[in-house]
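Take the sequence shown: its letters are residues 61 to 673, numbered as in our numbering.
Backbone N, C-alpha and C fix where the C-beta goes; we use that ideal spot for every residue, glycine too.
Working notes, beginning with the structure itself.
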Amino acid sequence: MNIKKVFFVAVVLNYLVPSWQWNDGYIYKFLATYFPAFQSQDTVWFLSERLTTQHTEALDGFIKRTNDMAKITQYVFTNRSDLRMTNMDSKRNSMAMVFTTGSTDPIMHVHNRMLTRRHIGLSIVIYVDKVLDLRRIEEICHALYKGSFYNSIVFFETVGGINQIFGYRQFPSFRTENRTDFQTYIRAQYARAMSASQDVQGYRFYTPLRQDMPHVIRYRDSQGEDQIHGTTYRILKEFVDSLNGTMVEHIMPPDKFGGEAVNMKAMLELVRSRQLDVVAHAYALYDADDDLDKSYPIMVVKWCLMVPVRNSISTFLYPLQPFDWKVWLCVLVSFVSLCVVDLFRLLLQTKVFGQRHKFFALLSNVWLDDFCHIIYLATASPIQTTSWIRLLIYLEIFFFGFFLSANYTSFLGSFLTVTLFRAQINSMDDIIKAQLPVMVVDYELEFLYSQGYELPRNFSQLLRPVDTATFTQHQQKFNTSYAYFTTEDTWHFLNEAQKHLKQAVFKYSDICFGSYHLAYPIQTDSAVWRDLEYFTFRIHSNGLLQTYEQDAFQYALSSKHLQRLMETHDYTSAGLEHLVLIFIILGAMCGLSGICLLIELLLYKCRGNRSRI
61 MNIKKVFFVA VVLNYLVPSW QWNDGYIYKF LATYFPAFQS QDTVWFLSER
111 LTTQHTEALD GFIKRTNDMA KITQYVFTNR SDLRMTNMDS KRNSMAMVFT
161 TGSTDPIMHV HNRMLTRRHI GLSIVIYVDK VLDLRRIEEI CHALYKGSFY
211 NSIVFFETVG GINQIFGYRQ FPSFRTENRT DFQTYIRAQY ARAMSASQDV
261 QGYRFYTPLR QDMPHVIRYR DSQGEDQIHG TTYRILKEFV DSLNGTMVEH
311 IMPPDKFGGE AVNMKAMLEL VRSRQLDVVA HAYALYDADD DLDKSYPIMV
361 VKWCLMVPVR NSISTFLYPL QPFDWKVWLC VLVSFVSLCV VDLFRLLLQT
411 KVFGQRHKFF ALLSNVWLDD FCHIIYLATA SPIQTTSWIR LLIYLEIFFF
461 GFFLSANYTS FLGSFLTVTL FRAQINSMDD IIKAQLPVMV VDYELEFLYS
511 QGYELPRNFS QLLRPVDTAT FTQHQQKFNT SYAYFTTEDT WHFLNEAQKH
561 LKQAVFKYSD ICFGSYHLAY PIQTDSAVWR DLEYFTFRIH SNGLLQTYEQ
611 DAFQYALSSK HLQRLMETHD YTSAGLEHLV LIFIILGAMC GLSGICLLIE
661 LLLYKCRGNR SRI
């Protein structure tokens with residue numbers, strides 16, 4: 061009986077105790093066969109610290125033989141999870157070789173973190189112990205699945221000495237598959253690459269669908285059915301359909317008013333915790349990290365202040381507005397041309413008649429006359445003789461005065477009609493001077509400070525951080541009591557509601573805080589990142605983005621979430637306020653003329669008294 065027990069224990073131990081020898085010959089033969097097809101530029105070795113001496117006995121020789129065969133750069137790591145291959149000189153197309161003792165081995169975490177944004181590359185995981193239960197391999201495959209290593213394979217050897225290669229399929233759900241017949245797997249991958257898209261076989265992409273104009277617009281139609289539209293929603297919906305997938309709404313709690321206002325901070329956390337693959341609400345104001353990424357940009361948007369327009373303005377200084385630099389340039393050119401013509405005329409005249417001694421006196425007189433002509437004053441000396449050149453000069457002055465007067469009249473009439481010139485808020489100093497409160501979403505203000513912006517103290521005191529529901533309620537009602545932090549795409553959408561107005565209610569100011577990529581929040585190293593990139597290319601090349609933007613505005617009007625603003629400013633008479641300045645100038649000139657006359661009279665009397673003495 062004891063002999064049978066001993067024999068039974070020996071047999072069990074023979075199967076339970078792992079062998080130290082992983083089959084390096086089989087793996088090397090595999091690499092030598094398929095390495096040219098991999099086209100790897102680097103090899104990154106991840107060696108577990110749990111490897112025993114028995115495990116590593118053949119490791120040095122295996123690495124050396126692989127290096128001699130591949131002749132590419134080698135990197136070896138064991139526990140540096142703080143490093144990132146994207147920050148090193150490593151090429152993008154790298155092959156990872158992972159020696160692990162199981163799914164909970166720390167080397168799996170090192171492999172995951174170091175290859176952040178490089179998970180698309182080939183990862184070859186070598187399980188160093190012999191396998192009795194395939195659940196150990198399934199656990200490793202599931203760890204690779206959670207890390208989105210969709211181009212990965214696992215080498216192992218059973219206790220019976222059979223070498224096998226396993227991998228996993230992500231879509232429509234996780235499942236392991238035997239890839240020992242690697243040729244068949246390569247042909248399938250090649251066929252998928254040639255199709256330029258993959259079939260996810262009905263995989264469910266969960267995403268929140270909240271009220272987020274213009275990206276996502278939801279409402280109930282006349283029949284009470286729920287309708288969802290919007291620019292980025294339509295793009296993602298068509299993308300999911302092209303993959304043969306399904307978009308499913310992820311339910312989120314209501315906002316503080318019981319509504320469906322979007323909360324992007326909560327959505328980003330859902331993606332970061334890998335509860336969501338991608339979000340239909342495109343967003344620009346966040347930074348990518350190890351767990352949260354941005355899709356290929358839909359567009360680049362500025363983040364500026366949307367400020368109310370001041371429509372109550374004075375026309376007092378309007379008579380001076382038409383005198384821009386072009387008018388002054390025209391005046392200067394005309395004056396110089398008259399002076400040059402008179403200069404040459406006097407040179408010829410004094411030379412012919414021998415009056416060179418009078419040249420400078422005559423030149424000063426004619427130049428004074430030219431100046432009087434330009435400013436429309438009577439000349440100091442009367443014209444005694446006429447000539448053809450004098451006629452041509454007067455003809456030039458006539459055309460100059462005619463066109464200048466017509467230009468001035470038309471410009472002034474335009475200013476009085478459409479009020480082009482008005483003092484608007486366009487800088488932080490203007491905001492501070494007007495003491496205009498600035499409304500901003502609370503988590504977007506946190507993002508602003510995280511970007512290193514140091515705001516003036518007086519400006520910071522005007523900031524009003526609020527939740528998203530409060531922000532959208534005021535902004536979409538065009539409440540002119542506040543200025544609003546707004547991205548450029550949202551501004552274009554809201555501006556459509558006021559384009560028909562004679563005078564706009566809001567304007568997009570030059571108070572900006574950077575430009576950012578508007579993109580979909582997506583898991584880092586997502587299996588559909590590249591497919592979404594190509595799909596976005598096609599959307600841009602076909603001009604569909606502009607069409608979706610126009611449709612989104614019409615859907616917003618139909619849903620009553622947004623309304624075209626009604627005209628509240630009627631045209632009124634400009635009045636005579638703009639003429640006050642002219643009469644002031646006229647009175648000032650008359651006063652100066654009177655003073656000059658008095659001075660001349662006093663000088664005349666003084667000279668008369670001196671002559672008598």
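When you compare only the Cα positions, how much space is there between residue i and residue j?
i, j, result
"VAL401", "ILE457", "13 Å"
"ILE659", "TYR468", "35 Å"
"ALA557", "LEU625", "6 Å"
"ILE184", "SER212", "6 Å"
"VAL360", "SER575", "7 Å"
"LEU352", "ILE582", "6 Å"
"PHE226", "MET307", "30 Å"
"LEU398", "ILE449", "11 Å"
"TYR615", "TYR594", "27 Å"
"ASP259", "GLY305", "8 Å"
"HIS179", "ARG173", "10 Å"
"ASP128", "THR240", "25 Å"
"TYR245", "ALA348", "33 Å"
"PRO497", "SER618", "31 Å"
"LEU336", "TYR205", "15 Å"
"LEU592", "LYS354", "11 Å"
"LEU73", "PRO313", "Confidence at LEU73 is low in this model, with a pLDDT of 41, below 50, so the placement of that residue is unreliable and no value is reported for it."
"ASP272", "THR550", "10 Å"
"LEU182", "SER141", "19 Å"
"ASP384", "GLU320", "52 Å"
"ASN669", "LEU662", "11 Å"
"SER154", "VAL214", "17 Å"
"GLY651", "PRO525", "57 Å"
"ARG195", "PHE95", "29 Å"
"LEU554", "THR596", "24 Å"
"GLN606", "LEU296", "15 Å"
"VAL501", "TYR513", "16 Å"
"PHE265", "VAL300", "8 Å"
"LEU523", "LYS559", "28 Å"
"PHE216", "THR103", "20 Å"
"VAL393", "LEU464", "13 Å"
"ALA564", "VAL369", "7 Å"
Sorted by chain position, which residues of the same chain lie with C-beta nearer than 6 Å to residue i's C-beta, five sequence neighbours on each side aside?
i, result
"PRO357", "HIS577, ALA579"
"MET324", "TYR343"
"GLN287", "TYR279, ASP281"
"VAL158", "PHE106, HIS171, VAL185"
"MET327", "PRO268, VAL339"
"LEU472", "PRO382"
"TYR608", "THR291, ARG294"
"ASP84", "ALA118, PHE122"
"ALA543", "LEU365, VAL367, LEU496, VAL498"
From the DSSP output, read off the bridge partner residues of residue i.
i, result
"VAL367", "LYS567"
"GLU217", "ASN223"
"TYR523", "Looking at the sequence provided, one finds Leu at residue 523 rather than Tyr. DSSP, once it has assigned bridges, lists VAL498 as partnering LEU523."
"TYR711", "Residue 711 cannot be examined here, being either before or after the span of the chain that is shown, 61 to 673."
"VAL361", "TYR576"
"VAL136", "TRP105"
"SER212", "SER183"
Please classify residue i as buried or exposed, where buried requires at least 16 other C-beta atoms within 10 Å of its C-beta.
i, result
"MET145", "buried"
"LEU269", "buried"
"ALA92", "exposed"
"GLY290", "buried"
"PRO274", "buried"
"CYS572", "exposed"
"LYS190", "buried"
"SER586", "buried"
"GLN623", "exposed"
"GLU237", "exposed"
So is the beta-carbon of residue i under 7 Å away from any non-hydrogen atom of the ligand ZN?
i, result
"LYS190", "No copy of the ligand ZN occurs in the structure displayed, which carries no ligand at all."
Leaving out five residues on either side along the sequence, give the residues of the same chain with a beta carbon under 7 Å from the beta carbon of residue i.
i, result
"LEU561", "LEU625, GLU627"
"PHE231", "VAL260, GLN261, TYR263"
"TYR86", "ASN223"
Beta-carbon within less than 8 Å of residue i's beta-carbon, same chain only, minus the 5 sequence neighbours each way: which residues are those?
i, result
"GLU109", "THR138, ASN139, PRO166, ILE167"
"ASN518", "ILE492"
Going along the chain, which unbroken runs of the alpha helix (DSSP H) with 4 or more residues stay wholly within the stretch 272-352? Counting whole runs of 4 or more residues, the stretch 272-352 contains the alpha helix (DSSP H) stretches 291-302, 324-332.
Only counting runs of 3 or more residues, tell me where the beta strand (DSSP E) segments fall wholly within the stretch 383-422, in order along the chain. Along the length of the stretch 383-422, whole beta strand (DSSP E) runs at least 3 residues long do not occur.
Whole beta strand (DSSP E) elements within the stretch 110-162, 3-residue minimum: DSSP runs (the beta strand (DSSP E)) wholly in the stretch 110-162: 133-137, 154-160.
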